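Read the sequence shown against the UniProt record's numbering and you will find it ends at 363, with the numbers running on by one and no gaps.
Inspection log for the structure reproduced underneath, given as structure tokens.
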Amino acid sequence: MLQLHRDRKQALRAQRVLLGLVAYLMWIAVGIYLYWIDLLHIGPAGLGIYFLLMLLTNAAFLAAVRWNWNLRFRDPGMTLGQIACGIFWGMVLLSQAAPEARGGMLLVFVTGFFFGVFRLNTQQFLGLALFASLAYASLIRAEWADLDAETRQIELAQWVFLSLILLWMSFMGGYVARLRSNLRQAMGRIEELANRDHLTGTRNRRAITGSLEEAVARAETEGEVLTIAMLDLDHFKAHNDDHGHLLGDELLKQFVERVERELRADDIIRGQQDQPLGRFGGEEFLVVLPGTGLDGGMLAAERIRRGIAELPFETEAGAVAMTVSIGLTEWRPGDDCESLLKRADKALYEAKEGGRNQVVAAE
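Below, the structure written as structure tokens:
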């Protein structure tokens with residue numbers, strides 16, 4: 001699941017790098033047009049080298065995503081670096097263009113800042129805006145002595161307009177970034193609610209079944225061992241009927257807390273990415289243990305059984321002694337989710353019929 005999630009994110013980052021290529025292609029089109037109308041100070045060889053270096057820059061970012069080098073950075077999308085490179089190459093072409101062409105070129109120049117809405121905050125936007133503003137000011141300063149009075153005024157006006165536009169884009173981009181962050185948090189909360197059992201706080205049937213499907217897929221394609229356990233609280237219905245649903249709810253909550261504590265304490269299970277426990281229905285729970293064979297699963301299940309049976313549950317109605325029956329099975333070639341669950345359920349039935357408070361592995 002983690003690998004699939006990462007691959008999707010990397011594919012999205014590659015798409016954004018290719019969007020950057022579109023921006024570079026716009027600069028290439030601008031450069032060719034300006035050369036054609038004789039508004040560039042460089043010849044075809046220099047222009048060709050400029051185009052090549054610009055495309056190599058984009059290729060370097062794409063290679064970083066392709067080979068996962070970008071995952072070493074705090075921002076794997078390399079947004080700040082890509083925009084900074086875009087500013088640099090834009091300024092290079094601006095420095096080689098005639099002053100009368102720069103007004104239109106600046107319209108193309110500012111488009112690169114829109115990429116910042118994918119990641120940057122207001123402070124980062126302002127940093128890039130300052131970099132671009134100072135770069136253009138340096139360009140004007142370098143040519144100042146060769147400019148006539150009218151061109152100086154035009155260049156100063158363009159610098160002021162550019163700085164104001166970039167300042168506005170910084171605050172607007174920061175605002176969009178905050179909206180994006182709030183939306184991401186809201187979506188995270190919605191996803192959490194969709195995958196959680198509202199009573200016990202553990203994963204619900206939908207979520208734990210999804211984990212089982214992924215684990216079965218890995219077992220089929222990669223040969224990874226897999227064990228599942230079906231848990232059922234013994235005599236839960238009797239306690240629920242005798243003392244009411246509130247006590248039943250409290251028993252389920254405490255049961256989940258104990259099971260999760262025992263799972264966290266198990267060296268075999270601690271390294272798992274996903275929470276292995278989920279409520280399957282009523283007082284039945286499913287534990288999915290990818291990377292764990294039947295022997296390891298038996299140890300984990302027995303640990304859970306002892307953890308439930310050894311100490312009574314403290315409730316408002318007093319101490320309540322509880323036990324759990326567990327049916328266990330290991331994935332076998334040809335198994336799908338349904339066959340695994342049926343076998344685990346059969347083992348659970350045998351544990352119940354055999355006197356409860358025991359672990360039974362399917363044959």
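Backbone N, C-alpha and C define an ideal beta-carbon position, used for all residues, glycine too.
Since we're looking at a predicted model, the values are computed, not measured.
Under a Cβ-count criterion, where at least 16 other Cβ atoms within 10 Å of its own Cβ denotes burial, should residue i be classed as buried or exposed?
| i | result |
| --- | --- |
| His-239 | buried |
| Arg-264 | exposed |
| Gly-174 | buried |
| Ala-64 | buried |
| Tyr-136 | buried |
| Leu-2 | Bear in mind that a pLDDT of 42 at Leu-2, under 50, signals an unreliable position, so the number given afterwards is only what the model happens to contain. Exposed: under 16 other Cβ atoms inside 10 Å. |
| Leu-4 | In this prediction, Leu-4 has a pLDDT of 46, which is less than 50 and means its spatial position is unreliable; what the coordinates show is noted afterwards. So Leu-4 ends up on the exposed side. |
| Pro-312 | exposed |
| Leu-289 | buried |
| Leu-162 | buried |
| Thr-202 | buried |
| Met-187 | exposed |
| Gly-48 | exposed |
| Tyr-33 | exposed |
| Ser-170 | buried |
| Arg-242 | Looking at the sequence provided, one finds Asp at residue 242 rather than Arg. With fewer than 16 other Cβ atoms within 10 Å, it is exposed. |
| Val-324 | buried |
| Arg-305 | buried |
| Phe-73 | exposed |
| Ala-129 | buried |
| Ser-181 | exposed |
| Ile-37 | exposed |
| Gly-31 | buried |
Please classify residue i: does DSSP put it in a helix, a strand, or coil?
| i | result |
| --- | --- |
| Leu-93 | helix |
| Arg-178 | helix |
| Gln-3 | Per-residue confidence for Gln-3 stands at a pLDDT of 49, beneath the threshold of 50, marking its modelled position as unreliable; the derived number appears in the next sentence. Note: Gln-3 maps to helix in three-state DSSP. |
| Thr-151 | helix |
| Leu-39 | coil |
| Arg-196 | strand |
| Ser-68 | It is worth fixing the name first, because residue 68 is Asn in this sequence and not Ser. It is coil, neither helix nor strand. |
| Pro-76 | coil |
| Gly-201 | coil |
| Arg-119 | coil |
| Ala-11 | helix |
| Ala-98 | coil |
| Leu-19 | helix |
Between the options, which has its C-alpha nearest residue i's C-alpha?
| i | options | result |
| --- | --- | --- |
| Ala-98 | Val-225, Arg-152, Gly-127 and Asp-336 | Arg-152 |
| Met-91 | Gly-127, Leu-134, Gln-185 and Asp-295 | Leu-134 |
| Ile-28 | Leu-212, Ala-14, Leu-52 and Leu-19 | Leu-52 |
| Leu-166 | Val-108, Ala-194, Gln-185 and Leu-183 | Val-108 |
| Leu-139 | Thr-122, Leu-164, Phe-113 and Leu-94 | Leu-94 |
| Ala-362 | Met-322, Glu-338 and Leu-294 | Leu-294 |
| Met-78 | Leu-277, Phe-131, Met-187 and Val-17 | Val-17 |
| Arg-279 | Leu-12, Arg-205 and Ser-339 | Arg-205 |
| Asp-75 | Phe-118, Lys-237 and Phe-88 | Phe-118 |
| Arg-8 | Met-172, Trp-89, Arg-66 and Lys-253 | Arg-66 |
| Ala-11 | Asn-68, Gly-223 and Leu-39 | Asn-68 |
| Thr-227 | Thr-111, Leu-341 and Ala-60 | Leu-341 |
| Phe-131 | Gly-81, Gly-31 and Trp-144 | Gly-81 |
| Asn-121 | Ala-177, Gln-158 and Trp-144 | Ala-177 |
| Cys-85 | Gly-210, Ala-60 and Ala-101 | Ala-60 |
| Phe-88 | Arg-72, Ala-23 and Leu-164 | Ala-23 |
| Gly-103 | Met-54, Phe-114, Trp-159 and Leu-128 | Trp-159 |
| Ala-194 | Asn-182, Ala-207 and Ala-142 | Ala-207 |
| Glu-257 | Phe-285, Gly-244 and Lys-237 | Phe-285 |
Taking the alpha helix (DSSP H) that residue i falls in, what are its first and last residues?
| i | result |
| --- | --- |
| Glu-214 | 205–222 |
| Ile-140 | 122–143 |
| Asp-109 | Per the sequence shown, residue 109 should be read as Phe rather than Asp. 102–111 is the span of the alpha helix (DSSP H), which, as asked, contains Phe-109. |
Does the ligand ATP have even one heavy atom less than 7 Å from the beta-carbon of residue i?
| i | result |
| --- | --- |
| Thr-122 | As for the ligand ATP, it is missing from this structure, which has no ligand bound. |
Write down every uninterrupted run of the alpha helix (DSSP H) in the UniProt domain "GGDEF" (224–363) whose length is 4 residues or greater and which is fully enclosed by it, in chain order.
-> 236–243, 245–265, 294–309 and 337–353
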